[in-house]
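Asks: Pasting a structure here, questions to come.
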């Protein structure tokens, strides 16, 4: 049975960073493998190979509920709120982190494909380099691959949905693939905007927010701002 424990949205994670200026990162070494399977459930993990039968005593990668259970553990312990508490908890529970991945008291940190500092959030330069060299899609699958990456950073692009529309149409099964000039223009525009994406400010407190929006019969666009700084763009 699939565990419905909700995974945090990246936007929610960014909202938790408001007011931050110093960052630390810890990466658990083979994190899943440090969580033991309950004794009564070990028999459910049995598998057979030509070398014999095996049972898993720790949680393997790839299980339906592995990610949800791992996220539940992280939230329940709440040891991400304080660095000292994290280290004490890791020691107590005998969880081992990668020493090479320790990063403490950073003024700038890479986080899920983004770079975060006191100024705000920006697209990771490594992602920008891969976008610069991206060739024009030749199949609907290649369009989906590009839009998958571009959509991940849509909060940085004003009017993303409108710009991407000529490309998204070509991903529909009922539409014959024909890479038109409009599609190429949309592709190049998205690349340009992604490579020159602005720095988005982190929200401060819960006041002085302003939303500007525009709606038509075909779609909508909005921008969230605080003290004349852009927090995020949205479109549909």
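In UniProt numbering, the protein residues as written are 1 to 236.
For glycine and all other residues, C-beta sits at the position ideal for the given N, C-alpha and C.
On a predicted model such as this, the values are computed, not experimentally measured, just so you know.
1) Quick one: grab the DSSP three-state call for residue 167.
2) Relative to the C-alpha of residue 121, which candidate in 230, 207 and 236 has its C-alpha closest?
3) Span of the alpha helix (DSSP H) holding residue 152?
4) So, with DSSP's three-state summary, where would you put residue 177?
5) Looking at the unbroken beta strand (DSSP E) that takes in residue 225, where does it start and where does it end?
6) For residue 197, does the three-state DSSP call read helix, strand or coil?
7) Could you compute how far the alpha carbon of residue 98 sits from the alpha carbon of residue 41?
8) On the criterion of 16 or more Cβ atoms from any shown chain inside 10 Å, does residue 170 qualify as buried, or is it exposed?
9) If I'm right that residue 199 touches residue 93 with Cβ under 8 Å, what's the distance once you round it to whole angstroms?
10) Thinking C-alpha only, which one of 160, 129, 166 and 153 is nearest residue 143?
11) Name the residue from 195, 149 and 162 whose alpha carbon lies nearest to the alpha carbon of residue 215.
12) Apart from the five residues on each side of it in sequence, which residues of its chain come closer than 6 Å, Cβ to Cβ, to residue 191?
13) What residue range is occupied by the uninterrupted alpha helix (DSSP H) comprising residue 126?
14) By DSSP, does residue 188 sit in helix, in strand, or in coil?
15) Report the rounded CA-to-CA distance for residue 193 versus residue 156, giving the unit in angstroms.
16) Out of 108, 227, 172 and 189, state which residue places its alpha-carbon closest to the alpha-carbon of residue 209.
17) Label residue 187 either buried or exposed according to how many other C-beta atoms from any shown protein chain fall within 10 Å of its C-beta, with 16 as the threshold for buried.
18) Nearest to residue 240 by CA position, among 60, 146 and 154, is which residue?
19) Excluding the 5 residues flanking residue 179 on each side, which residues of the same chain have their C-beta closer than 8 Å to its C-beta?
20) What residue does the alpha helix (DSSP H) around residue 94 start on, and which one ends it?
21) Where does residue 231 fall in DSSP's three states?
22) Can you tell me whether residue 121 is helix, strand or coil according to DSSP?
23) Less than 6 Å between C-beta atoms, sequence neighbours within five positions excluded: which residues of the same chain meet that for residue 76?
Replies: By the coordinates alone:
1) On the chain shown, position 167 is the one that residue 167 refers to. Of the three classes helix, strand and coil, the one that applies to residue 167 here is helix, per DSSP.
2) Translated into positions along the chain shown, residue 121 becomes position 121. Among 230, 207 and 236, the Cα nearest to that of residue 121 is on 230.
3) The residue you call residue 152 lines up with position 152 of the chain shown. DSSP places residue 152 in the uninterrupted alpha helix (DSSP H) bounded by 140-152.
4) Reading the chain shown from its first residue, position 177 is the one you call residue 177. If DSSP states are grouped into helix, strand and coil, residue 177 belongs with coil.
5) Locating residue 225 in the chain shown gives position 225, counting from the first residue. 220-226 is the extent of the beta strand (DSSP E) around residue 225.
6) By one-based count along the chain shown, residue 197 stands at place 197. Of the three classes helix, strand and coil, the one that applies to residue 197 here is coil, per DSSP.
7) For the purposes of this step, residue 98 is identified with residue 98 of the chain shown, where counting begins at 1. For the purposes of this step, residue 41 is identified with residue 41 of the chain shown, where counting begins at 1. Straight-line Cα distance between these residues: approximately 29 Å.
8) Along the chain shown, one-based indexing puts residue 170 at 170. Per the 10 Å Cβ criterion, buried.
9) Position 199 of the chain shown holds residue 199. Position 93 of the chain shown holds residue 93. Not really, about 38 Å apart at Cβ, beyond 8 Å.
10) As a working note, residue 143 is residue 143 in the chain shown. Among 160, 129, 166 and 153, the Cα nearest to that of residue 143 belongs to 166.
11) On the chain shown, residue 215 is found 215 positions in, with the first residue counted as 1. Nearest of 195, 149 and 162 to residue 215, Cα basis: 162.
12) Position 191 of the chain shown, counted from the start, is the residue given in the question as residue 191. In the same chain as residue 191, and ignoring 5 residues on each side of it, the C-beta atoms closer than 6 Å to its own belong to 131, in chain order.
13) As a position in the chain shown, residue 126 is number 126, starting the count at 1. Residue 126: member of the alpha helix (DSSP H) spanning 125-132, first to last residue.
14) Indexing the chain shown from 1 puts residue 188 at position 188. Residue 188: helix per DSSP, three-state reduction.
15) The residue you call residue 193 lines up with position 193 of the chain shown. The residue you call residue 156 lines up with position 156 of the chain shown. Distance from the CA of residue 193 to the CA of residue 156, rounded to the nearest whole angstrom, comes to 8 Å.
16) By one-based count along the chain shown, residue 209 stands at place 209. That would be 227, whose Cα lies nearest to the Cα of residue 209.
17) Taking the first residue of the chain shown as position 1, residue 187 is located at position 187. Per the 10 Å Cβ criterion, buried.
18) For residue 240 there is no data in the structure shown, the boundaries of the chain being 1 and 236.
19) Position 179 of the chain shown, counting from 1, holds the residue named residue 179. 136, 137, 138 and 170.
20) Within the chain shown, the letter at position 94 stands for residue 94. Residue 94 -> no alpha helix (DSSP H), and no H or E assigned at all.
21) Mapped onto the chain shown, residue 231 falls at position 231. Strand at residue 231.
22) Here residue 121 refers to the residue found at position 121 when the chain shown is read from its first residue. Residue 121: strand per DSSP, three-state reduction.
23) Mapped onto the chain shown, residue 76 falls at position 76. Model confidence at residue 76 stands at a pLDDT of 42, short of 50, so the residue's coordinates are unreliable; what they give is reported in the following sentence. Result list for residue 76: empty, nothing under 6 Å.
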